[in-house]
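Accompanying notes for the structure given below.
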Ligand SMILES: Nc1ncnc2c1ncn2[C@@H]1O[C@H](COP(=O)(O)OP(=O)(O)OP(=O)(O)O)[C@@H](O)[C@H]1O
Ligand SMILES: [Mg+2]
């Protein structure tokens, strides 16, 4: 997988140039000659969008969602190659995958979102992203939506699946945010029978289900969630994650009876096309 940072910089530069040209547009000359306007009622205040002034969030979705903002980019094309490689592994082209990694910050969530977006380009298929990172779930914030109700509420039994599914700008892509949970209750929530029922329902309702998870080598959550998905896409940050950490992550998956179906290399300095390897 190529470099999201480069793509982001390009996108932000384009947005900044666009904003600057909008700011410098001269006021229409006719405006000066207008008669006194009749008083108008105060406009109804619009609800303020969260993160409105954040330098990172532009046009709603985070610029890190390269497959959304730069559909024609090389990186978006790499996500499509990942899509093709995955689909080729399933006769009916349907799958439910854990997206995980050995350590923090390797690119799991962005892989999940960008992959889901290119999957949603195939309008005949329905995709669901489930933020199963009850500790640091940020899928909703990358989409600039509310982080709840979500998975935590489903597991507690205080919400139903229909209450937590969030639509996206893709008609065939929905998101289940993580919701809010105290660190102390996460183990108990993930241990509940409801988890299998929820994932089972999502499998029936959607063609592709992507479960974003915390890192394997840090907490047991991904392995626990793995009992529902049985298969995993393992994200590896190039030039940073040690081989031993990846080995340990694969060993943990194996011990949880979860089959890795591929490795996705992120943070590549030189994007290479064949980044997905079948794990044997
Ligand atoms: N393919 C990529 N190329 C370059 N940078 C990337 C790539 N994917 C992700 N990143 C960078 O890595 C950072 C972490 O990405 P992301 O949040 O997806 O990781 P994560 O594995 O989900 O992290 P966590 O373990 O904290 O949940 C992002 O902010 C982004 O800048
Ligand atoms: Mg993440």
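Residue numbers (this note's numbering): 1041 to 1320. Each residue gets a CB set at the ideal place from its N, CA and C atoms; glycine is no exception.
Residue range of the alpha helix (DSSP H) that includes residue 1236 = 1234-1245
Can you grab the Cα-Cα spacing for the pair residue 1159 / residue 1282, in whole Å?
-> 30 angstroms
Note down the Cα distance separating residue 1171 from residue 1289, rounded to an integer number of angstroms.
-> 20 angstroms
Report buried or exposed for residue 1198, applying the criterion of at least 16 other Cβ atoms within 10 angstroms of its Cβ.
-> exposed
Straight-line gap, residue 1301 to residue 1191 (C-alpha atoms, nearest Å) | 25 angstroms
Kindly indicate which residue of 1268, 1266, 1295 and 1286 has the alpha-carbon position closest to the one of residue 1275.
-> 1286
Specify the secondary structure class of residue 1136 as computed by DSSP and reduced to three states.
-> strand
Going along the chain, which residues of its own chain have a beta-carbon closer than 6 angstroms to the beta-carbon of residue 1238, five neighbours each way excluded?
-> 1194
Answer with buried or exposed for residue 1217, where buried requires no fewer than 16 other C-beta atoms within 10 angstroms of its C-beta.
-> buried
From this set, 1134, 1109 and 1108, which residue's C-alpha is nearest residue 1247's C-alpha?
-> 1134
Is there at least one non-hydrogen atom of ligand 2 closer than 7 angstroms to the beta-carbon of residue 1173?
-> yes
Spatial distance of residue 1127 from residue 1241 (CA atoms) = 21 angstroms
Since residue 1169 sits in a beta bridge, which residues does DSSP pair it with?
-> 1215 and 1250
For residue 1306, name the three-state secondary structure that DSSP assigns.
-> strand
Please confirm if residue 1238 has its CB atom under 8 angstroms from at least one CB of chain B.
-> Among the chains of the structure shown, chain B does not appear; only one protein chain is present.
Any heavy atom of ligand 2 closer than 7 angstroms to the Cβ of residue 1252?
-> yes
Flag residue 1306 as yes when its Cβ comes closer than 7 angstroms to any non-hydrogen atom of ligand 3, and as no otherwise.
-> Summarising the ligand content, the structure contains ligand 1 and ligand 2 and does not contain ligand 3.
Determine the contact status of residue 1256 and residue 1263, defining contact as a CB-CB distance below 8 angstroms.
-> yes
So does residue 1138 have its beta carbon nearer than 7 angstroms to some heavy atom of ligand 1?
-> no
Contact under 8 angstroms by Cβ, residue 1252 with residue 1169 | yes
Tell me residue 1299's beta-bridge partners as DSSP assigns them.
-> 1271
Closer than 7 angstroms: residue 1150 CB and nearest ligand 1 heavy atom | yes
Leaving out five residues before and five after residue 1209 in sequence, what residues of the same chain have Cβ atoms less than 7 angstroms from its Cβ?
-> none
What are the residues that DSSP puts in a beta bridge with residue 1277?
-> 1306
How should residue 1306 be labelled, buried or exposed, when 16 other C-beta atoms within 10 angstroms of its C-beta is the threshold for buried?
-> buried
So, are the CB atoms of residue 1138 and residue 1269 less than 8 angstroms apart?
-> yes
Determine the direct distance from the alpha carbon of residue 1180 to that of residue 1215, and round the result to whole angstroms.
-> 8 angstroms
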